[in-house]
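Enquirer: Handing you a structure now.
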Amino acid sequence: RYDGEQQGLDNGHHYTTFVNCSQETARQRMVIRVIIQTLLLTVIALSVERYLAIRSAFGRGSLVKFVANIKSTLAAGDMKKAQELCDKQGGSVANVVTSTLRKYADVENDATLSKDQKVLAIQKELEEATALELPMMEQNLPVIGTITTLGTLMGLLGTVIGMIRSFAALSAVLINASE
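So for the sequence shown, my numbering puts the first residue at 3; every next one is plus one.
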């Protein structure tokens, strides 16, 4: 057991050293805490924005009902009604279906194309329409992932710095006590 008073050491000096180290550590922890909270708020804001963007991509009605209605309408061969359903639904899925329906109508009336060429043209239009809609749905996702990773690393950094400072303060007290 260590008893500084028995050895004639000034306990006030050791306490002051420990408090100064603790205050410095508290300031550093506060900075890290503010950074982590800022990252958290940014992730929350971007997540809400992504949720709203993806919800708007679904369109106005139920996406499952829309797809079922489009399938039944196309099975019946009613292209005009399918186009009306797309216009009513809105959103990314409806935009892709609309582009594909328009291309289908264009190639169906073109007698110079073979069946394989028509299918290829429709597939190409589907891919292009999807490529146009996809960036809107993927926007800010890498930023959210990066900030989430940084938040975790900042928390770990705060823990490591706190432990280093605690051991430094403890060693300073023990070094001064041994003098």
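Cβ atoms here follow ideal geometry from the backbone N, Cα and C, with glycine treated the same way.
Just to confirm, does S94 get its C-beta within under 7 Å of one of the non-hydrogen atoms of the ligand PLP?
Expert: This structure does not include the ligand PLP; it has no bound ligands of any sort.
Enquirer: In chain order, what residues of the same chain lie with their CB nearer than 8 Å to the CB of D89, ignoring the 5 residues before and after it?
Expert: Cβ neighbours of D89 beyond the five flanking positions: A96, T100.
Enquirer: If you run the structure through DSSP and keep just helix, strand and coil, what is T114?
Expert: If DSSP states are grouped into helix, strand and coil, T114 belongs with coil.
Enquirer: Run through DSSP, which three-state label would A78 get?
Expert: Three-state result, A78: coil.
Enquirer: Note down, one range per segment and in chain order, each alpha helix (DSSP H) of at least 4 residues found wholly within the segment 38–108.
Expert: With a minimum length of 4 residues, the continuous alpha helix (DSSP H) runs that stay inside the segment 38–108 are 65–77, 81–91.
Enquirer: Which class does N125 belong to by DSSP, given the choice of helix, strand or coil?
Expert: The displayed chain sequence assigns Gln, not Asn, to residue 125. Helix.
Enquirer: On the three-state DSSP scale, how would you describe Q30?
Expert: Of the three classes helix, strand and coil, the one that applies to Q30 here is helix, per DSSP.
Enquirer: Could you tell me how far apart the beta carbons of M139 and A47 are, in whole angstroms, since I believe they sit closer than 8 Å?
Expert: Incorrect: roughly 18 Å between the Cβ atoms, too far for contact.
Enquirer: Going by beta-carbon coordinates alone, are L159 and I34 separated by less than 8 Å?
Expert: Cβ distance < 8 Å, so L159 and I34 count as in contact.
Enquirer: I think I146 touches V45, with their Cβ atoms under 8 Å apart; what is that distance to the nearest whole Å?
Expert: Indeed they touch by this definition, with Cβ atoms about 6 Å apart.
Enquirer: Apart from the five residues just before and just after M156, which ones in its own chain have a Cβ nearer than 8 Å to its Cβ?
Expert: Excluding sequence neighbours, M156 sits near I34, I37, I38, L41.
Enquirer: Rounded to whole angstroms, what is the Cα-Cα separation between D1 and R57?
Expert: Residue 1 lies beyond the range of the chain shown here (3 to 181); nothing can be said about it.
Enquirer: Residue range of the alpha helix (DSSP H) that N178 falls in?
Expert: It spans 143–180 - the alpha helix (DSSP H) in which N178 sits, taken as one unbroken run.
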